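Engineer: Those letters in the sequence shown? Residues 144 to 538, per this note's numbering, in order. Please see the structure below; I have some questions.
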Amino acid sequence: MQFVDEASIIVEAGKGGNGCLSFRREKYVPKGGPDGGDGGHGGSVYLIGDDALNTLIDFKYQRFYKAQNGQPGMGRQMSGRAGEDLHVKVPVGTTVIDEDTLEVIADVTEIGQVVLVAQGGRRGLGNIHFKSSTNRAPRRTTPGTEGERRNLRLEMKVMADVGLLGMPNAGKSTLIRAVSAAKPKVANYPFTTLVPNLGVVKLGMHEHFVMADVPGLIEGASEGAGLGLRFLKHLTRTRLLFHVVDVAPFDESDPVEAAEAIIHELGEFSPALAELPRWLVLNKLDLLPAEGREAKAEEIVSRLGWEGPVFRISAISADGTDALVQAAHRWLTEQRQLENEDEEAAERAREMRERMEEEAVARTEARLGRRRKRADDDDDDFDDDDYDVEVEYAP
């Protein structure tokens, strides 16, 4: 199945039914009076979080969603039937943005979470509501109101415990293949990974965590270069980052400079994301001579001034990967236990996630704003005067 994490859709709620203008007409019942019923309310449009979905691909083929209109009222004080609400399933982790105002309407983060995105129109009133002692035969009704219509942008962020971060061709896809059943494309050239990949890392019965591999970053990713800006948002839903560094790049570039560029882009995209716990994973040590591996690793750690956990692995041969995932599982378990037992720790974690989400949304809004500005600049905006031709006659 194709991975699609962004989609634009149009939702329209149902129109409310009109009120009915009617008078009672029965044999032997003179002057029956008004008996026009009310219309039915229009149906609303709701989004529902569904864990069975992991892509927005369905919204690429169906972009318009409309709820039922309410039926008009009828005589004998009969109200019209209300329009049925429309419930649209979306993947858990979907952010809903109003494309016209760039307002974030909701963030669907739980299974079964229901979000109202378009309110149905109100029903119209029948003439029975307008009778009085001075107006016994009212001919007044009210129409049903139109339902809300919205242009929405859906952005899905994968829900994972660990995110892989690094330059293109650093070995992230090879790592996730080595520790999970995921089979992303692997090749000896950059930008092999074009979409995020999820893998479940199993360590035993009921012991597992989810790892996310996103496309590699390049310098300027926070400003939109490469694929980085579009997919960095997926890391905001993780608890831990593995910063994968290629210690023996095929182009003989400096691994330290590459790592520093990633750290810089991470901070530019989201300062809160840059504060997320991050482990340094030195990959492809098998490409270095055995006697020089440790010295090279120590040099990279020293030049980076790295003070956090460091792991030395060779993803292609799975050397060192078991120790890495075991340590990650222990850390995740301890973190969840701490948040369950310590309210302050849980509050800090919630605040961190909220900050990351706010900063990611701000980046998205800025990107959409730039896209709209480019579209406006490309618009000709011509009018009738553009066709006026000034003719100058030479003597």
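Note that the Cβ used here is the ideal one computed from N, Cα and C, for glycine as well. For clarity, every value in this text was computed on a predicted model and none was experimentally measured.
1) If we count the other Cβ atoms within 10 Å of its Cβ and call it buried at 16 or more, is Q469 buried or exposed?
2) Taking just the CA atoms, how far does A505 sit from V260?
3) If you reduce the DSSP assignment to three classes, tell me which class F273 lands in.
4) Compare the Cα-Cα distances from G314 to each of E484, T464, D389 and report the closest residue.
5) When the Cα of P216 is compared with those of Y208, V235, A210, C163, which residue comes out closest?
6) Could you compute how far the alpha carbon of A225 sits from the alpha carbon of N161?
7) Since P177 sits in a beta bridge, which residues does DSSP pair it with?
8) So what does DSSP say about G435, is it helix, strand or coil?
9) Looking at the secondary structure, which residues open and close the alpha helix (DSSP H) in which H472 lies?
10) Does the distance from the C-beta atom of R446 to that of V399 stay below 8 Å?
11) Would a C-beta distance cut-off of 8 Å place G183 and N270 closer than the cut-off?
12) Any idea if V257 is buried or exposed, counting beta-carbon neighbours within 10 angstroms, 16 or more meaning buried?
13) Suppose contacts are defined by Cβ-Cβ distances below 8 Å. Is L297 in contact with F385 by that definition?
14) Nearest CA to the CA of W542: which residue from G213, D304, L428?
15) Given E149, which residues of its chain have a CB within under 6 Å of its CB, disregarding the five upstream and five downstream residues?
16) Does the beta-carbon distance from N212 to G157 come in below 8 Å?
17) Identify the residues that DSSP records as bridge partners of S151: which are they?
18) Nearest by alpha-carbon distance to R293: which of V239, E169, E395 is it?
19) Do L190 and P234 have their C-beta atoms within less than 8 Å of each other?
20) Considering just the uninterrupted stretch of the beta strand (DSSP E) at F385, what are its terminal residues?
21) Could you give the first and the last residue of the continuous alpha helix (DSSP H) run that contains A404?
22) Could you tell me which residues DSSP pairs with G306 in its beta bridges?
23) Using a Cβ-Cβ cut-off of 8 Å (strictly less than) and excluding sequence neighbours within five positions of A537, which residues of its own chain qualify?
24) Can you list, in chain order, the residues of its chain with a C-beta nearer than 6 Å to that of A195? Leave out the 5 residues immediately preceding and following it.
25) With A391 and K427 assumed to form a contact (beta carbons below 8 Å), what rounded beta-carbon distance in angstroms separates them?
26) Roughly how many angstroms separate the alpha carbons of E442 and S396, rounded to a whole number?
27) Among residues of its own chain, excluding the 5 on either side of P286, which ones have a beta-carbon nearer than 6 Å to its beta-carbon?
28) Can you say whether N278 is buried or exposed, counting buried as having 16 or more other CB atoms within 10 angstroms of its CB?
29) Beta strand (DSSP E) containing D193: first to last residue?
Structural biologist: The relevant details are as follows:
1) exposed
2) 21 Å
3) helix
4) D389
5) The sequence shown places Gly at residue 216, not Pro. For the residues Y208, V235, A210, C163, the minimum Cα distance to G216 belongs to C163.
6) 11 Å
7) F166
8) helix
9) 464 to 484
10) yes
11) no
12) exposed
13) no
14) Given a span of 144 to 538 for the chain in the structure shown, any question on residue 542 remains unanswerable.
15) E298
16) yes
17) R296
18) V239
19) no
20) 383 to 389
21) 398 to 412
22) A355, L384
23) Confidence in A537 is poor, its pLDDT being 42 and thus under 50, which makes the residue's placement unreliable; the coordinate value appears in the next sentence. Once the five neighbours on either side are set aside, A537 has no close Cβ partner at all.
24) none
25) 5 Å
26) 15 Å
27) N161, G267
28) exposed
29) 188 to 193
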